[in-house]
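Chemist: Line order of the protein sequences matches chains A and P.
Sequential numbering of the first sequence, starting at 1, is according to the UniProt record's numbering.
Sequential numbering of the second sequence, starting at 1, is according to the UniProt record's numbering.
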Amino acid sequence: MSAATNRTRDTSGLGVARAVAFVSPALLLIGLFLVFPALWTIYIGLTNYTLTGPASVAPAFVGLENFLGALDDALFGNALWLTLVFVLGSAVLGQNLLGFGLAWVLRSAKPVVRRVVEALVLLAWILPSVVVAYLWTAVLDRDGGTLNALLGNESTAWLVEYPMASLIVFNTWRGTAFSMMLYSSALAAVPPSQLETARTVGASGWQTVRDIVFPHIRGHVLTNTLLISLWTANDFTPFLLTAGGPNHESETLPVFIYQQAITNGELGYSAAISFLLLIVNLVVALLYLLLLRRRS
Amino acid sequence: MRVRRTLALTAAAVTTMALAGCLGQQQESDTGRNADAKDVTLTVTANAVAGGKNELTAKWVTDWVIPEFTTQQKDKGVNVTVKYDGIGVDDADYKAKIALDFNTDIGGDVVEIDGIWLGEFAQGGQVRPLDDVVGKDEVDRWDGWGEIPDAVQAVGEFEDKRYGIPVGTDGRVIFFNKKLFAQVGLPADWQPTSWDEITAAAVSLKQLPGVIPMQLNAGTAMTEATTMQGVLPLLASTGAEINQDGKWQGATENVKQVLDFYQQVYGGKLGDPLLAQEAKGRDKSFELFAQNKVGMLFESDYFWRSVVDPTVGVAKMADRDAAVGWAKIPAMNPGAGVGGQDFVSMSGGSVRVINPNTKYPQQAWELLEFMNSAAATKARLGDTAQVTQRQDVNEEVLQNDPMLSFIAEEVLPITRFRPGLADYPKVSSALQQATADVIAGKSADEAAAAYQDALVKEVGEDKVARG
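(1) What residue range is occupied by the uninterrupted beta strand (DSSP E) comprising P:ILE212?
(2) Looking at the C-beta of P:GLY124, does it have a partner C-beta in chain A at a distance below 8 Å?
(3) Excluding the five sequence neighbours on either side, which residues of its own chain have a C-beta within less than 8 Å of the C-beta of A:PRO246, listed in chain order?
(4) What residue from A:LEU14, A:THR52, A:THR83 has the CA that sits closest to A:VAL280's CA?
(5) Does P:GLY219 have its Cβ less than 8 Å from a Cβ in chain A?
(6) Could you tell me which of P:TRP248, P:GLU197, P:GLY441, P:LEU431 sits nearest to P:VAL258, measuring between CA atoms?
(7) So A:ASN264 contacts chain P; which residues on that side make the cut at Cβ distance below 9 Å?
(8) Using 8 Å for Cβ pairs, my map puts A:VAL62 next to A:LEU46. What's the rounded Cβ distance?
(9) So, is A:SER12 buried or exposed, given that buried needs 16 or more other C-beta atoms within 10 angstroms?
(10) Comparing alpha-carbon positions, which option in P:GLY185, P:GLN263, P:ALA92 lies nearest P:ALA447?
(11) Taking only three categories from DSSP, how would you classify A:ILE257?
(12) Do you know offhand how far A:SER166's Cα is from A:LEU240's?
(13) If you measure between the beta carbons of A:VAL87 and A:THR232, is that distance less than 8 Å?
(14) Would DSSP call A:ARG199 helix, strand or coil?
(15) In whole angstroms, what separates the C-alpha of A:ILE273 from that of A:THR50?
(16) Expressed to the nearest angstrom, what Euclidean distance is found between the alpha-carbon atoms of P:GLN277 and P:ALA450?
(17) Give the range of the alpha helix (DSSP H) segment to which P:LYS378 is assigned.
(18) Under a CB-based cut-off of 8 Å, is P:ASN357 close to chain A?
(19) Quick one: what's got a C-beta closer than 7 Å to P:TYR302's C-beta in the same chain, skipping five residues either side?
(20) Near P:GLN229, what residues of its chain come up, given a Cβ to Cβ distance below 7 Å and the 5 sequence neighbours on each side ignored?
(21) Which residues in the same chain as P:PHE261 place their Cβ atom closer than 7 Å to its Cβ, once the five residues preceding and following it in sequence are excluded?
(22) Hey, out of P:VAL61, P:ALA58, P:ALA408, P:GLY219, whose CA is closest to P:ILE439's CA?
(23) Which residue from A:GLN259, A:LEU140, A:LEU222 puts its Cα closest to that of A:ALA285?
(24) Any Cβ of chain P within less than 8 Å of the Cβ of A:ARG18?
(25) Roughly how many angstroms lie between the CA atoms of A:LEU292 and A:PHE214, to the nearest whole one?
(26) Which value, in whole angstroms, describes the spacing of the CA atoms of P:GLY337 and P:PRO413?
(27) Going by DSSP, what residue range makes up the beta strand (DSSP E) through P:LYS247?
(28) Examine chain A for any beta-carbon lying closer than 8 Å to the beta-carbon of P:GLU120, and answer yes or no.
(29) Please work out which residues of its chain come closer than 8 Å, Cβ to Cβ, to P:ASN54, disregarding the five sequence neighbours upstream and downstream, and give them in chain order.
(30) State the DSSP-derived secondary structure class of P:LYS442, mapped to helix, strand or coil.
(31) Anyone know if the C-beta pair for P:GLU138 and P:TRP365 falls short of 8 Å?
(32) Please report how far the alpha carbon of A:GLN207 lies from the alpha carbon of A:TYR43, in whole angstroms.
(33) List in chain order: all unbroken beta strand (DSSP E) runs of 3+ residues lying wholly within the segment 73 to 119 of chain P.
(34) Where does P:ALA450 fall in DSSP's three states?
(35) Distance check for P:PHE343 and P:GLY467, CA to CA, integer angstroms please.
(36) Tell me which same chain residues have a C-beta within less than 8 Å of the C-beta of P:TRP190, skipping the five on either side of it?
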């Protein structure tokens, strides 16, 4: 590599040594809190380490046994499927559509209405999980739950009879604020003149959204979908509502990992599953990067 | 290029760190360390919290043990600070907390654990024999051992070694609501002699609107309560113990009979399957019982002492003494119970152990001795009663409480203890899953078959008695 090309690439004029000095604190933190735990997880995932019992003193190296065991474990398949349902239902569809809908409708609403609605939606987002879980348990409880009181029925245990549906509605409610805010600012970037033109030529609401708005905010849709999908896939709040029950019917991957690690004490196995979840996350992120690159 | 090299180096260094790290390390320790210290800090850990679960224990530690022990030590010239680390959560969560505490070298010096966890903790080195932690001479010197019956001492033993001092023991019976029983013409001194008589009573109770005839602990959400209050007593009713002749019960006739009984109860709507599956189903069944909405509950005397007790219970029942009746759990048919018995029960108990990582093993032992003295045990009970570890205390306190003296006189002689084997918790969770399957609609045979497969996977083919 010649000095000339080196200089042309070094646009900031820092020199490599100083550049490395600048990024090394960040790299160190990433190494310490991201790379190291990830490698550590892989390592534990290759052992039969447990919380108690003989394997907690002298864990043995078991190779890929945990990973193969997971593929053979009906409960893991169940958890993976439920995670997919949870992400599709509450993030990709629920939060996305409701968030966009709110942003679209509030655009033309009175400022007072707009502020109030936004504040309420935000409140759902910023309250601590434990508080929110308690409130929702109070709403969905069979005896004396608010929902049953409103419906005038006394017999539906929502979290037991419809666990996944309850969780999807819950998480849509919980997380819509982010999508709403992101789409609000994205919609502000759509040129008003184009919207005006669309109205003059008599385009319907749906046609306007599809042909004028969507091409402008496609990048935002992708970013938003990626972020909320990853957050939802890793969300542990369902545990606070249903603890994965009844009989594993709402046991998403994070809950499954917790149950395996803490309740059953299978640290090795749960580390292997955590690693698989990490891979799923990476695949989703790569897919997004690919889509984004193709767009530009 | 150099950046990439630095990255590669960092990654390599991190990998080495990771792989050089050693899981499950354990250090040897000296029993006499810090024995002469003048400033000592000790922590007591228990699943008990003021205003919540096991309130009596929490109050006893903070209001009695700590001041009394501090004074006693001050007289000897030792400045001791005792802290109380109490939480009130589900047993499974508590177990996870202390297992993590033990593994990370933190946690209390004197820790209360369920006797049934002793096997796995001992095998994992999270707890060690008292002889190793404190010293054999010191331990043997304690005069309290003579007051603790052998069967109760066994709760604190694993492979014939003492790991701690038991807190007492308990027994399982059928609690029932006498007011509801009276409404359907059942006697206040009801005592069934077979499973059919239990279901017959439940069928009568079903006429009452808004009343759940019986709630039999079931499902995975209740964890060990399902096994201990439900499956194991019923298994004993059919004449079997979960571990016989060195083998665990697979899909045997006895296990199928137990699951079939679950099927009768929950399939026949004698119990509420939704309640059994709720995340907090057991706590809720307590509340419903206290509100006269549950006819029968299979529970330990803990229910009487700590749940429906009018002053300290978590689901207080002001008229407990008049409203709550109890009956021994009958064998499936007379004489069909374990050991040819007509009635059966299961017992367990907590143990206080010393954390092997304690800085002050001798002082921790002194505190443990102190907490198990006759005076301390009486102070723990206050006005209440419990089958404590100490005979001398039991003789005094049990006569005041008809329920607890019933446990001591009628139930403990016929009871069984869970096997103190490290595999037990795995077997227990497989049993919980089997009951969950039955509630979810599987037949007893299907659930038993799935249970056997899970069991073989967990403990190995050669340790399972097949049906």
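Glycine included, every Cβ here is placed at the ideal spot set by N, Cα and C.
These figures come from a predicted structure and were not determined experimentally.
Modeler: Taking the structure as given:
(1) 212 to 215
(2) yes
(3) VAL160, PRO163
(4) A:THR83
(5) yes
(6) P:LEU431
(7) PRO425, LYS426, SER429
(8) 7 Å
(9) exposed
(10) P:GLN263
(11) helix
(12) 13 Å
(13) yes
(14) helix
(15) 14 Å
(16) 19 Å
(17) 374 to 381
(18) no
(19) ASP170
(20) ARG172, ASN217, PHE298, GLU299, SER300
(21) TRP195, LEU234
(22) P:GLY219
(23) A:LEU222
(24) no
(25) 15 Å
(26) 14 Å
(27) 247 to 249
(28) yes
(29) ALA46, ASN47, ALA48, GLY88, SER306
(30) coil
(31) yes
(32) 53 Å
(33) 79 to 86, 110 to 114
(34) helix
(35) 24 Å
(36) PHE176, PHE181, ALA201, GLY325, ALA327
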